[in-house]
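Q: So the sequence shown is numbered by my numbering: it starts at 339 and just counts up by one.
All C-beta atoms, glycine included, are put in the ideal place defined by N, C-alpha and C.
None of the values given here were measured: they were computed from a predicted structure.
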Amino acid sequence: IDLHQQPTKMVLITKLLTLALTAAATPIFRRDAVTVQDDINQNIAPAITTLGNDVAAFPANGLTGTVAIHTDFENLISVVNSATADINISESFDEDSGTTIISDVQAGTEYLEGILDAVKDQESTWSDFPGGTNLVLGDLQALNTAFDDFLDALTRKDPSSSGQIDFIKDSL
339 IDLHQQPTKM VLITKLLTLA LTAAATPIFR RDAVTVQDDI NQNIAPAITT LGNDVAAFPA
399 NGLTGTVAIH TDFENLISVV NSATADINIS ESFDEDSGTT IISDVQAGTE YLEGILDAVK
459 DQESTWSDFP GGTNLVLGDL QALNTAFDDF LDALTRKDPS SSGQIDFIKD SL
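1. Report the rounded CA-to-CA distance for residue 407 versus residue 416, giving the unit in angstroms.
2. What would DSSP say about residue 399, mapped onto helix, strand or coil?
3. Go ahead and pull the three-state DSSP assignment for residue 497.
4. By a C-beta neighbour count over all protein chains shown, 10 Å radius and 16 as the cutoff for buried, is residue 446 buried or exposed?
5. With burial defined as no fewer than 16 other Cβ atoms inside 10 Å of the residue's Cβ, what is the status of residue 441: buried or exposed?
6. Kindly indicate which residue of 374, 507, 509 has the alpha-carbon position closest to the one of residue 436.
7. Using DSSP with H/G/I as helix, E/B as strand and the rest coil, what is residue 384?
8. What residue from 510, 380, 384 has the CA that sits closest to residue 448's CA?
9. Is it buried or exposed for residue 364, if we count other Cβ within 10 angstroms and need 16 for buried?
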């Protein structure tokens, strides 16, 4: 055994361990503005559309409609939470990306506003179904929390858009 090679091997092992630990501590799947835009346009927007279609068909579709709307709320909450997670692990957005993202969010939330107004207008009908009022109220509260978290995350990544985000929050 050559004693001069042992320190070289130990240095090499130490360097490899340092590199491995650094790589492990760095998020492998960094998210960026494009991922967030895709979340909004490919996941959140279609979930809002599905919810809107089912709300429009209510109360004619009865208990089946109540269950469908509840499921739609759960799906929308899930995709909003997923988008929030992507925002939280992304880098800060540049001005162009931030503007595009806010524009996409505004388009989706404007449609969602109309849906929420329709749900409100149907309030008396929800009580016709066992637990319907409490179910929808719980869904609305959970959706409000999910969107608040989502919009707060956007503000942290693009502080210059906080005024627009506050406007969106106030409209929901």
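A: Quick answer:
1. Here the C-alpha atom of residue 407 lies approximately 14 Å from the C-alpha atom of residue 416.
2. Coil, per DSSP.
3. In this structure, residue 497 counts as helix in the three-state DSSP scheme.
4. Residue 446 should be labelled buried.
5. With fewer than 16 Cβ atoms within 10 Å of its Cβ, residue 441 is classed as exposed.
6. If you compare the alpha carbons of 374, 507, 509 with that of residue 436, the shortest gap goes to 374.
7. Residue state for residue 384 is assigned as helix, using DSSP reduced to three classes.
8. Per the Cα distances, 510.
9. Here residue 364 scores only 42 on pLDDT, less than 50, and its place in the model should not be relied on; the value that follows carries that caveat. Under this definition residue 364 is an exposed residue.
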